[in-house]
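Here's the structure, in C-alpha cells; my notes come after.
Number of protein chains: 2
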Amino acid sequence: MIVDARQSGESARDYAYRILKENIISTELKPGSLVSENETAAKLGLSRTPVREAIYDLAKVSIIETIPQKGSYVALIDPKMVEEARFLRKVLDVAVIRLACQETPPEILEAMEDNIDLQEFYLSKSNAEKIYELDNEFHRLIYVAAHKEIICELKSNMLIHFDRVRSLSVETVRDMKIVADHSGMLAAIKEHDEEKAAALVEKHLSRYHFDEELIRGQFPEYFK
Amino acid sequence: MIVDARQSGESARDYAYRILKENIISTELKPGSLVSENETAAKLGLSRTPVREAIYDLAKVSIIETIPQKGSYVALIDPKMVEEARFLRKVLDVAVIRLACQETPPEILEAMEDNIDLQEFYLSKSNAEKIYELDNEFHRLIYVAAHKEIICELKSNMLIHFDRVRSLSVETVRDMKIVADHSGMLAAIKEHDEEKAAALVEKHLSRYHFDEELIRGQFPEYFK
DNA sequence: CTAGTAGTACTTGTCTACAAGTTCATTAAA
DNA sequence: TTTAATGAACTTGTAGACAAGTACTACTAG
C-alpha cells in the first residue's frame, strides 16, 4: 500500500479514507485482497478506530466487503457495480447540468473558466494526474451551481467502482477530448442551452467506456 | 427518544442507526437537539463505538451535524437539503422505472402485485404505518428490477430529510391515491410504456409536496 | 457591583483491551 | 497414509479509558 503523508487539518478518519480510496482505485490494493484494520492502522500510524470507520464507509458502497470475524476484502470488480456507478453518474450529471443551464452565478462561471484554463495548461504539459483532479473539480462546480453538493458527494463515493476500472485502462489521447468537452459544457451553460449541455454530457461519458473484455483478459483474477 | 427492542441478528451498529433514524424522522429527536454518543449508548444499552458509527453515517448525509469536541446535533430542517433529497428521488426514480419498463423479471412483477394487494388490504384497515412500509418496499422493487440496489440504498439515506418533513405534514386522504399510483406504475411496467411510467412517477412525487410555509409557521424553531 | 479566572462537567477523537468467530497448520490417533 | 482434533494466529465486534477541546458556573479580586 502506498502511503503518503497526512495533510494538516486532516482527521485520522479522513486520512485513512483518502489513502484507502487512492490505493483501491489504483489497484495498488488488489481486488480480492484483505484489508486488515490492524495492519492498515499500523501502516498509517493510527489506531484501529479511525481506520475501521474509513473501511466501513467504503463498505457502504460495496467497494469493500466486510465479513464479520473473518476480514474486510477489496471487492472484486463487479461489472454490475461498475454499471451502477456509470448509471448514477450519467443520470445525475445530466439532470444537474440542466439545472446549471437555467441559472449559474457569475462567480461559478469564472471558477469554471479558470479551471478550464488550468486544464489546457496541464494538457500542454501532459500532466494526466492534474487533469484528472481538475476534471473532478469541474464537474463538482456544476453540482455547486445547481446547489446539489451533497448529491455530488454521494455520487463521488460510488464512482470509486468506475475510477478503478478507468485506472486499469490504457488511455492515451483521451485527455485532449475531455478538455474540449468541458469547454463545450461551459458554453452551453452560458447559453442556457439545456439540450446541448445534456447531449455533451452523454457524449463526454461515452469517452470513459469500460472495455470489460479487454481488462478481464488482462486481469481475470480481479473479476467477480 | 423512543427505543424499541433490538431485533435478532441486528448488529449493534445497525440497531443504533435504525433507532436514531426513526427518532429523527418522527422528530421525537427534535431538530437542533443534541445527540450525545454517551447518552444514546446508555439508552440503547450499547457502548459508544457502534453508536458513534451510526451517528457518523447520519452525519454523512447532513441529517446530523457533528462539531468536534462540542457535540452532535440533529440538523435543523434546511429547505435546500429537503430539495436535494426530493431532486435525488425524482431523478433516480424516473430513470430507474424507465429501465424497469424495458425488462422486469416475472418474479419481481409478482412481488409487486403481492405488495399492492397488501397495500389495498391495509388501506381498508386504514393502517398508515404499514402502507408507508409497503410504499418504500414497492419503490425498492423497481430498483431491484433495474439492478440498481446500491443506488436505492444511497437514495434512502438522503430521503431522511424528505421523510422528516413528510412526517410533520398532516396528510389525510393521500394514501388512497398513492396506492392507485402504484397500480398504474405496475401496469406501465408490464406494458413497457416508459413515458407513461415516467409521467406517473412525477405525478406520484408531487403528492408529497412539502408546504414549507405551513410547517415553518407551526414549528419555526425547527428551521435553519 | 463588575470583570476576570479557575474549575467543572460536558462533548467528540483516539487508543487499547477483550470477546467471539474463522482459518489453517500441526499433531495424534486410527 | 488418512482423518480428526486441537490450538495458535489471525479477523472483526464491542467496550471502556484517556486525551483534548468547549461552555458554563461560581468564585475571587479589584
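Protein sequence lines, in the order shown, are assigned to chains A and B. With the first letter of the first sequence counted as 1, position 2 gets the number 2 in my numbering; the numbers rise by one all the way through. Whatever position you read off the second sequence (first residue = 1), add 224 for my numbering. All residues carry an ideal CB built from backbone N, CA and C; glycine is no exception.
For a cutoff of 8 Å on Cβ pairs, would you count residue i as touching chain B?
i     : result
A/V61 : yes
A/A95 : yes
A/L58 : no
A/L92 : yes
DSSP three-state label for residue i, please.
i      : result
A/F87  : helix
B/V298 : strand
A/F138 : helix
A/I269 : Since the first residue shown for chain A is 1 and the last is 224, residue 269 of chain A is missing from the structure and cannot be characterised.
B/L383 : coil
A/T27  : coil
B/E289 : strand
Do you know offhand how far residue i's Cα is from residue j's?
i      : j      : result
B/N381 : B/L316 : 14 Å
A/F225 : A/Y222 : Given a span of 1 to 224 for chain A in the structure shown, any question on residue 225 of chain A remains unanswerable.
B/S286 : B/G295 : 14 Å
A/G217 : A/L76  : 15 Å
B/D338 : B/E331 : 11 Å
B/R272 : B/T290 : 15 Å
B/S430 : B/R313 : 12 Å
B/M336 : B/D417 : 17 Å
B/A236 : B/P274 : 6 Å
A/G45  : A/R52  : 13 Å
A/D4   : A/R18  : 10 Å
B/L392 : B/E426 : 22 Å
B/S257 : B/T251 : 10 Å
A/Q7   : B/K401 : 53 Å
B/R310 : A/I151 : 11 Å
B/A414 : A/E153 : Going by the sequence as given, residue 414 of chain B is Lys instead of Ala. Their Cα atoms are separated by approximately 35 Å.
A/E10  : A/L200 : 36 Å
B/L365 : A/N127 : 45 Å
A/H147 : B/K304 : 8 Å
A/E195 : A/A187 : 12 Å
B/A265 : B/D302 : 27 Å
B/K245 : B/P329 : 32 Å
A/H204 : B/K349 : 52 Å
A/I24  : A/K43  : 16 Å
B/C325 : A/Y208 : 26 Å
A/I64  : A/V82  : 14 Å
A/K130 : A/E110 : 19 Å
A/P68  : B/Y239 : 16 Å
B/Y356 : B/L342 : 12 Å
B/F434 : B/R388 : 10 Å
B/R449 : B/L383 : The structure shown does not extend to residue 449 of chain B, since chain B spans only 225 to 448, so no value can be given for it.
A/A145 : B/I439 : 28 Å
B/R390 : B/E436 : 11 Å
B/E261 : A/V179 : 47 Å
A/I2   : A/K30  : 12 Å
Is there a C-beta anywhere in chain A that falls below 8 Å from the one on residue i?
i      : result
B/Y241 : no
B/E334 : no
- Could you run through the stretch 143–161 of chain A and flag, in chain order, every residue whose CB is less than 7 Å away from some CB of chain B? Correct list: H147, K148, I150, I151, L154 and M158.
- When you check each C-beta in the stretch 295–314 of chain B against every C-beta of chain A, which residues fall closer than 8 Å? K304, M305, E307, E308, F311 and L312
- Identify each residue in the stretch 417–436 of chain B for which the Cβ-Cβ distance to at least one residue of chain A is less than 8 Å, and report them in chain order. So nothing in the stretch comes that close.
- Task: Could you list the residues in the stretch 254–277 of chain B with a C-beta less than 7 Å from some C-beta on chain A, going in chain order?
- Result: Under the 7 Å Cβ criterion, the stretch 254–277 of chain B contributes E277.
- Task: Jot down the residue ranges of each uninterrupted beta strand (DSSP E) in the stretch 7–53 of chain A, minimum 3 residues, whole runs only, in chain order.
- Result: none
- Task: Could you name each continuous alpha helix (DSSP H) segment of 4 residues or more that falls completely within the stretch 324–373 of chain B, going from the start of the chain to the end?
- Result: If you keep only unbroken alpha helix (DSSP H) runs of at least 4 residues inside the stretch 324–373 of chain B, you get 330–348 and 352–369.
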